[in-house]
Structure formats: C-alpha cells, structure tokens
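>
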Amino acid sequence: MKRSYVIKRILYAVFIFFVVLTLNFFIPRIGVRDPAERYYPPQGAMSDIEYEIIKQFTAEQYGFDVSTFQQYVRYLNGLIHGDLGTSLRAGSPRVTELIGERLPWTLVLSVTTLIISLVIGLLFGTLAAWKRGRWQDTLLLSASTISIALPAFFIALMLSFYLGFELELFPAYTNPNMVAQFDWSLEAIRVVMNNAALPIMSMALGGIVGYSQTTRNSVIAVTNEDFVITARAKGLSHTTVLYKHVLRNAMLPLATSIGMSISGLIGGAIIIERVFNWQGMGTLFLEANSTNDYPLMMGIMLFLSAFAILANLITELFYSILDPRVTVGDKR
Amino acid sequence: MSRRNVLLQVARRGGSFMSLLKKLWQHPKGRVGLVLVGCLVLVAVLAPVLAPYDPYDVTQRVEKGLHPSLAHPLGTTITTGQDILSMLIYGSRVSLMIGISTGVAIAFLGALMGVMAGYIGGFVDNLIMRTVDILLVIPTLPLIIVLTNLLGRSYFVIVMVFVVFGWTGLARVIRSLVLVLKNSNYVKAAELAGASRWYIMTKHILPGTSHLIIMNTTLTCAGIMVAEAGLSFLGLGDPTAISWGKMLAEAQGGGALLFGAWWWILAPGVGIFLAVFSFMRIGIVMEEVFNPRMKASSSIYKLFKHMNNTYLDEVFRSMDNEESDESAERPNPSDAPLPEGSHD
Chain W
1 MKRSYVIKRI
11 LYAVFIFFVV
21 LTLNFFIPRI
31 GVRDPAERYY
41 PPQGAMSDIE
51 YEIIKQFTAE
61 QYGFDVSTFQ
71 QYVRYLNGLI
81 HGDLGTSLRA
91 GSPRVTELIG
101 ERLPWTLVLS
111 VTTLIISLVI
121 GLLFGTLAAW
131 KRGRWQDTLL
141 LSASTISIAL
151 PAFFIALMLS
161 FYLGFELELF
171 PAYTNPNMVA
181 QFDWSLEAIR
191 VVMNNAALPI
201 MSMALGGIVG
211 YSQTTRNSVI
221 AVTNEDFVIT
231 ARAKGLSHTT
241 VLYKHVLRNA
251 MLPLATSIGM
261 SISGLIGGAI
271 IIERVFNWQG
281 MGTLFLEANS
291 TNDYPLMMGI
301 MLFLSAFAIL
311 ANLITELFYS
321 ILDPRVTVGD
331 KR
Chain L
1001 MSRRNVLLQV
1011 ARRGGSFMSL
1021 LKKLWQHPKG
1031 RVGLVLVGCL
1041 VLVAVLAPVL
1051 APYDPYDVTQ
1061 RVEKGLHPSL
1071 AHPLGTTITT
1081 GQDILSMLIY
1091 GSRVSLMIGI
1101 STGVAIAFLG
1111 ALMGVMAGYI
1121 GGFVDNLIMR
1131 TVDILLVIPT
1141 LPLIIVLTNL
1151 LGRSYFVIVM
1161 VFVVFGWTGL
1171 ARVIRSLVLV
1181 LKNSNYVKAA
1191 ELAGASRWYI
1201 MTKHILPGTS
1211 HLIIMNTTLT
1221 CAGIMVAEAG
1231 LSFLGLGDPT
1241 AISWGKMLAE
1251 AQGGGALLFG
1261 AWWWILAPGV
1271 GIFLAVFSFM
1281 RIGIVMEEVF
1291 NPRMKASSSI
1301 YKLFKHMNNT
1311 YLDEVFRSMD
1321 NEESDESAER
1331 PNPSDAPLPE
1341 GSHD
C-alpha cells in the first residue's frame, strides 16, 4: 500500500466530512428565520409580551440568538470538543449521551444480522456456484427476486404476524422493559436474544440473498480464470482448488459489499426498528422527528455520515491491500 | 472484448423507442412485464370505475373486520370498515405516480449531469463527481425525514428529495459511456466538421445513451416504489392520500396482527410486490436484450441492492479487470471502487 495513496484518501475523506458537516448545519436552517414562529405559533389569547418571551426562549434553545456566522463558529467549536449539541428534550440531555445510550441496541441487531447473513450467504453462494444451473441455483435466483421486490418491513410484519402472534414463538413487539432491566445476567441476555430474533430474521433475509449472489457470481467468475483451470489440470483435489484458488480470489467483491453494509450498520434499520418498536438509533431519530428536536436529528445525521465516511475510507484502504492494482491506477 | 467495445456495442443496440418496445414484447419475460405494467397503469387510471366502493367516502363504510367475501373480495379493515380492495386500487395511484414521475425526473437530471461530466470534462466533471461522492455518504432516509419535517409532508417534496439524491447512479453510468463515445470516430468527425459542443451532445452523444437511460429508469421506478412504501409506512407520506405503505402502517397500528386480520396486511404487500416486480422484470429483460453477455441471474441482485443503481459501474469494473483498457480514456479515480452506504 502506497503512503501517498493513503494520505490522499484520508485528506479526501476529511474534505467530504467538512462539506457534509457544513450542509448539516445549513439544512435545518432552510426557510427558518424564527423557530418560535415555525414550531410554536401563537395560541389563542396570548399577549404580544408573552409571545415575545416564548420567541426569545425558543431562539436561545435552538441557538438562534446570535448571527448565523456566530452559530456556525459555535457549532464547529462544539464539534472539535466532541459535542454534537443539546437535545430539546426535558432535562436537556447531550446528543452524544442519547446516541451512546441507543447505539449498542442498534449494533446488537445490525452486527448479528451482518454476521449471520455473511456466514450463510458465503456457504449458500459457494453451493449455488458449485451447483450452477441446478435447483440450488434456481432457488437462489427466485429468492433474490422475491427479497428485492418485497420491502423488508413487509417481511417483518408477516414474521411478526405468523411467528409472533400465531405461533407465539418470539415476542411480536419488543419488551419495553428490556432496556431498563438489562444487567448482563444470563436471563437478561436471553430476553434480549428472544426479542431480537424477529428483527434480525427480517433483516437477515435480504442480507443472506445479497451475499449469496455476490459470492456466487464472483466464485463463477474466478472459476473460469486460467489459473483455476491450471490448478485443476495439475490434478489438485476439488477442495484444494476451491479453498486455495477460488474462494481466496473470490473475496474481493465480497469485501466491497461488506464495506457497503458496514456504513449502513447504524442507520440502516429505521423502519425495522419501528415495526418492532426496538429502542435503537432508528426509533431515536423518529422520536426526534415527531418532536421537532432538530439538534438531536442533525446530531444523529452527522454521526451517521461520519460513520459512513469512515467505513468507506477503511474499505478503500483495505481494498487497496487486497488488490494493489487500485493504487497503481490512482497515480495519474 | 474490452470495456470500450462492450460499451460501443451496447450503444449500437439502442434504437428508437418503438423498436425497443417491440424487442421487449418479443421476449417472453419482457411481455409479462409489459402486460403487468400496462394493467397497473390501467387500474390506477380507472380507479374510480374499478373500485367497488369509494375508500375516501366516510358514508360508504360498512361492517368492520369482515373476512374476504363476494361483497368485499379482500375484506374490510378492522378500525374503519373500509373496503380493502378499493383501498388497494386507489393505492396504486400513489405508487405509480411517485415511481414514474421520480424515475423520469431522475432520468433527465442524471443524463444531463452524466453527459456534461463525461463530455465537457475538466472542472465540470470534477465538480459533478465530487457532488456525487458527497451525496453518497449522506444517509438518505434520515435526510428525507428531516426535509419532509422542514418542507412539509407533500408528495412534491418527497419526489424532489428522491430526485436530488437519486441521480448519482445514473450520472456515473452515463459518464462512463460518454467517455467512450467521445472518442468514437463519428463524434471526432462531427468535431472536425465544426459542430458545436451543444450539437454534438444532443445529436450524437445523447442518442447513444438513450437505451441505458430507459433501462435505468424502469429500475429506478421500481426502487423508488419500495422507498415510497417505506416512507408512507413511517407516516411521512401525504397524510390525506391512501397508499400501500400507509395501509400497512394502519394495519399494524389498528391491530391487524393481533386480531389475525391477515387479509389487511397481505393485500398491500402483494400490491407492492407486483408493482415492483413488473418494473424490475422490464429492466432486467432490457439488460439482457442490450447486453447478452450479462445474464439476468448474475446481475439481478445488484440491480436493487442499492437504489443508486451503481451495478453497471461494477459490471464495467469487472470488465476492466478482465482485460486492460486500450482506449485513450482513462477511468477517473472516482470510478475506482467507491463503496456506498446502503441506508435503506
């Protein structure tokens, strides 16, 4: 891996981040001159003086009491100190605190989903490539059509209906006490797993199909390469060819798609979290939306973008280790 | 076959819109897709005639939670006693309207940006491709939520946001194609003959990309319909309209799951599935017709995993890897693997 390439990529990521955070600052200010007029219109027999006070209070709360430029400087200054702002909720908790509370619960879902879909997808994709044109392959093809055309939240609803309410195998809604009562005891972990089963299943379906397809295609592409034919001709066993020659080289496209799913790990489950009322980042964002809690919303947005930029950067650098041709191409 | 030749071949296969329809009709799978889309459009247009009841009319509400029967083929809702078949029929209007209008708008914007980036090059190219990079890291769904909160929950806003954030994939694909077309002999000849840039762009470059645009548009339509269903499910669509996503949200909120009203959940789900499936079918068949090298089975998944349709990029990239490119055009760094987040 060339150092110049790494530095260039990092600088570019920083540049993108700066643009994104600036956009993030200005988007909630589109067409909002006075937050009070927008979110708290004067009610009934409210006197002008009373409304003036409300206006002043909301302006301070939303940080509108100084000029836009000063607000921007204040915002940047906060970011440098790792401060994403203060939520408008009662008790004005810090946005970072709220994110910190909810993030682990989203990660429970998304990381488990990623691991499950990766393992099953890898196995099934290799199988489908090996049995190209037979029923395993056809099954994969029809599964991909269905999983693409059916929204994940519809699958979630059906699972919640059938496995949750009809068969009563798993809780159809997340137990509201799960988060509060969590204390790392075995019983608590079992409850979490039980509650997470349906959300994970509904998200994993698409993931499994996706990774299977990627694996299948790249295994087939590699199988047709000369070095694999040579290895076969040398008389190496099927398994040696598969593990040492085919799978190792078929990992490249898979690395890219893992990178893509990592950048969606945090914010990718908004709708599924809503279906099961899972107390993660997605529901936090929706709560913020329904209460016009802009500092919280924009804080989450910035966090998600930063995570995506970081994940992209890591994937790119990782990819350039796996496939040195990328750095060579970047020289011009 | 190098990437350049594949692209040129793809460009040559394109023809007039009618010949495209003819090719689709001759393909058995394409015919299924065309018939399905035609039926959907008919249903949406003729909704007031076809629907047995008026779902917007409060006086036409009947007994609540009826199972499917002759009078109510898909049953009625538990909460309001609306006829589900009628809701389903009216719901197709929202899906198709949003899907098609967004798809067409994205086709225009994406093609414009792609052709400009590819043909003019230099500063314009840089500006457009950097914008693409930035749009790709912003989480789309949260942003749409923020913007609908700011600008109001109307379908106009939703379509605009989809368009502003959805053109990137098409622009990238078109740009790759334009970079190849730019060096082809007939464009060179036109340049030597003194044709203006605008003339070359509209008369020579754009027609070469038309089939790619049409193919991309059908796929975008399908992707947008899924996304719209998700938004409506979250309660972010137009609050007065009936849409499939909103039907699902109402079903969940109204206790359809709890009381076992499967017909209430299944109906909108099947609606979404059919609509998306038929558009997808057409897109995939077009891909097969234009580029027989790409088998449907190998690309079907990539089509939809990411709404931004960067699958062609990936296909081209894999072709690049197969054989080094001999053409004068060199891929821009932004064409190198640039993973994007799947935020939906």
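Those protein sequence lines, which keep their order, are chains W and L. This note's numbering puts the first residue of the first sequence at 1, with every later residue one more than the last. This note's numbering puts the first residue of the second sequence at 1001, with every later residue one more than the last. Glycine included, C-beta positions come from ideal geometry on N, C-alpha and C. Only a predicted model underlies this, so the values are computations on that prediction, with no experimental measurement involved.
Between ASN289(W) and THR1140(L), what straight-line distance do the alpha-carbon atoms span, to the nearest angstrom?
Within the first sequence, residue 289(W) is the residue found at index 289, counting from 1. Within the second sequence, residue 1140(L) is the residue found at index 140, counting from 1. ASN289(W) and THR1140(L): Cα-Cα distance of roughly 15 Å.
> Can you give me the start and stop residues for the alpha helix (DSSP H) that TYR1186(L) sits inside?
Looking up residue 1186(L) in the second sequence gives position 186. 1185 to 1192 is the span of the alpha helix (DSSP H), which, as asked, contains TYR1186(L).
> Could you have a look at THR68(W) and say whether DSSP puts it in helix, strand or coil?
As a first step, residue 68(W) is located in the first sequence; it is residue number 68 there, counting from the start. Here THR68(W) sits in helix by DSSP.
> Taking LEU122(W) as the reference, which of GLY267(W), TYR211(W), MET260(W), VAL14(W) has the closest Cα?
Locating residue 122(W) in the first sequence gives position 122, where the first residue counts as 1. It is TYR211(W).
> Given a limit of 7 Å on CB to CB distance, which residues of the region 1222 to 1238 of chain L reach chain W?
Taking 7 Å as the Cβ-Cβ cut-off against chain W, the residues of the region 1222 to 1238 of chain L that qualify are VAL1226, ALA1229, GLY1230, PHE1233, LEU1234.
> Can you name the residues of chain L whose CB is closer than 7 Å to the CB of SER4(W)?
As a working mapping, residue 4(W) is identified with position 4 in the first sequence. Within 7 Å Cβ-Cβ: nothing; SER4(W) doesn't reach chain L, min ~13 Å.
> Any beta carbon of chain L sitting closer than 7 Å to that of PRO151(W)?
As a first step, residue 151(W) is located in the first sequence; it is residue number 151 there, counting from the start. By this cut-off, PRO151(W) is an interface position.
> Can you tell me whether VAL14(W) is buried or exposed? The criterion is at least 16 other CB atoms within 10 Å of its CB, across all chains shown.
Stepping through the first sequence from its first residue, residue 14(W) is reached at position 14. Per the 10 Å Cβ criterion, exposed.
> What residues from the region 192 to 206 of chain W come within 9 Å of chain L, judged by C-beta to C-beta, listed N to C?
Cβ contacts with chain L: GLY206.
> Please report the residue range of the alpha helix (DSSP H) in which GLY1110(L) lies.
Within the second sequence, the letter at position 110 stands for residue 1110(L). Element bounds for GLY1110(L): 1084 to 1120.
> Counting only C-beta atoms, is MET251(W) closer than 7 Å to chain L at any point?
For the purposes of this step, residue 251(W) is taken as the residue at position 251 of the first sequence. No, MET251(W) lies away from the interface with chain L (no Cβ there is under 7 Å from its Cβ).
> Would DSSP call LYS1305(L) helix, strand or coil?
Position 305 of the second sequence, counting from 1, holds the residue named residue 1305(L). Its pLDDT being 38, under 50, LYS1305(L) is placed unreliably in this model, and the value from its coordinates should be taken loosely. LYS1305(L) falls in the helix class under three-state DSSP.
> Is there contact between the region 1214 to 1234 of chain L and the region 1242 to 1255 of chain L, where contact requires at least three CB pairs shorter than 8 Å?
With a cut-off of 8 Å, the region 1242 to 1255 of chain L and the region 1214 to 1234 of chain L count as touching, because enough Cβ pairs lie within range.
> Do PRO28(W) and TYR294(W) count as a contact pair if the criterion is CB distance below 7 Å?
Here residue 294(W) refers to the residue found at position 294 when the first sequence is read from its first residue. Here residue 28(W) refers to the residue found at position 28 when the first sequence is read from its first residue. Result yes, Cβ atoms of TYR294(W) and PRO28(W) sit closer than 7 Å.
> Would you say SER305(W) lies against chain L (beta-carbon separation less than 7 Å)?
Reading the first sequence from its first residue, position 305 is the one you call residue 305(W). With 7 Å as the cut-off, SER305(W) counts as an interface residue toward chain L.
> Whose Cβ in chain L lies nearer than 7 Å to the Cβ of ARG274(W)?
One-based indexing of the first sequence puts residue 274(W) at position 274. Within chain L, the residues near ARG274(W) are LEU1234.
> Under a Cβ-count criterion, where at least 16 other Cβ atoms within 10 Å of its own Cβ denotes burial, should ASN1321(L) be classed as buried or exposed?
In the second sequence, counting from the first residue as 1, residue 1321(L) sits at position 321. Low confidence applies to ASN1321(L): its pLDDT is 42, below 50, so where it sits in the model is not reliable, and the reading given next is rough at best. It counts as exposed.
> May I ask you to report which of helix, strand or coil DSSP gives ARG1031(L)?
Within the second sequence, residue 1031(L) is the residue found at index 31, counting from 1. In this structure, ARG1031(L) counts as helix in the three-state DSSP scheme.
> Between the Cα of LEU107(W) and the Cα atoms of VAL275(W), ALA129(W), SER261(W), SER320(W), which residue gives the shortest distance?
Position 107 of the first sequence, counted from the start, is the residue given in the question as residue 107(W). LEU107(W) has its Cα closest to that of SER261(W), out of VAL275(W), ALA129(W), SER261(W), SER320(W).
> So with Cβ pairs under 7 Å, would you call PRO1139(L) a contact of chain W?
Along the second sequence, one-based indexing puts residue 1139(L) at 139. For PRO1139(L), the answer is yes, since a Cβ of chain W falls inside 7 Å of its Cβ.
> So, at 6 Å on beta carbons, what are the nonlocal neighbours of VAL66(W) in its own chain, with the 5 sequence-adjacent residues on each side left out?
Residue mapping note: residue 66(W) aligns to position 66 of the first sequence, counting from 1. Hits under 6 Å: none found.
> What are the residues that DSSP puts in a beta bridge with THR283(W)?
Numbered from its first residue, the first sequence carries residue 283(W) at position 283. DSSP output for THR283(W) lists no bridge partner at all.
> Measure the C-alpha to C-alpha separation of TRP1264(L) and GLN1082(L) and round it to an integer number of angstroms.
What you label residue 1264(L) is simply residue 264 of the second sequence in a count that begins at 1. What you label residue 1082(L) is simply residue 82 of the second sequence in a count that begins at 1. C-alpha separation (whole angstroms): 10 Å.
> Closer than 7 Å, CB to CB, is VAL1276(L) near chain W or not?
To locate residue 1276(L), count along the second sequence from 1; it is residue 276. Yes, its Cβ sits closer than 7 Å to a Cβ of chain W.
> Below 8 Å on the Cβ atoms is my guess for ILE1084(L) versus ALA1241(L); work out the distance and round it to an integer in Å.
Translated into the one-based positions of the second sequence, residue 1084(L) becomes position 84. Translated into the one-based positions of the second sequence, residue 1241(L) becomes position 241. Actually they do not touch by this definition, with Cβ atoms about 16 Å apart.
> According to DSSP, is ARG94(W) part of a helix, a strand, or is it coil?
As a working mapping, residue 94(W) is identified with position 94 in the first sequence. Correct three-state label for ARG94(W): strand.
> Could you say if the region 1049 to 1059 of chain L and the region 1088 to 1099 of chain L meet the contact criterion of at least three C-beta pairs nearer than 8 Å?
In short, these stretches touch, since the Cβ pair count reaches three.
> Against chain L, with Cβ distances strictly below 7 Å, would ILE16(W) count as a contact?
Here residue 16(W) corresponds to residue number 16 of the first sequence, with the count starting at 1. True, the Cβ-Cβ gap to chain L drops below 7 Å.
> Would you list, in chain order, the members of the region 153 to 182 of chain W that have their beta-carbon closer than 8 Å to a beta-carbon of chain L?
Residues PHE153, PHE154, LEU157, MET158, SER160, PHE161, GLY164, PHE165, GLU166, ALA172.
> Within its chain, find whatever has a CB closer than 8 Å to the CB of THR68(W); leave out the 5 residues flanking it on each side and keep chain order.
Residue 68(W) sits at position 68 when you count from the first residue of the first sequence. Counting only Cβ-Cβ distances below 8 Å, and skipping sequence neighbours, we find ARG29.
> Any Cβ of chain L within less than 7 Å of the Cβ of ILE270(W)?
Here residue 270(W) corresponds to residue number 270 of the first sequence, with the count starting at 1. True, the Cβ-Cβ gap to chain L drops below 7 Å.
> Any beta carbon from chain W within less than 7 Å of LEU1206(L)'s own beta carbon?
Indexing the second sequence from 1 puts residue 1206(L) at position 206. With 7 Å as the cut-off, LEU1206(L) does not count as an interface residue toward chain W.
> Grouping DSSP H, G and I as helix and E and B as strand, with all else coil, what is THR1077(L)?
Taking the first residue of the second sequence as 1, we reach residue 1077(L) at position 77. In this structure, THR1077(L) counts as coil in the three-state DSSP scheme.
> Could you check where the alpha helix (DSSP H) with ILE10(W) kicks off and where it finishes?
As a first step, residue 10(W) is located in the first sequence; it is residue number 10 there, counting from the start. Here the alpha helix (DSSP H) through ILE10(W) covers 3 to 26.
> How close, in whole Å, do the beta carbons of ILE120(W) and ILE208(W) come, if the pair is a contact with beta carbons under 8 Å?
Numbered from its first residue, the first sequence carries residue 120(W) at position 120. Numbered from its first residue, the first sequence carries residue 208(W) at position 208. The Cβ separation is near 5 Å, so the contact holds.
> Against chain L, with Cβ distances strictly below 7 Å, would SER110(W) count as a contact?
Along the first sequence, read from residue 1 onward, the residue named residue 110(W) stands at position 110. No, SER110(W) lies away from the interface with chain L (no Cβ there is under 7 Å from its Cβ).
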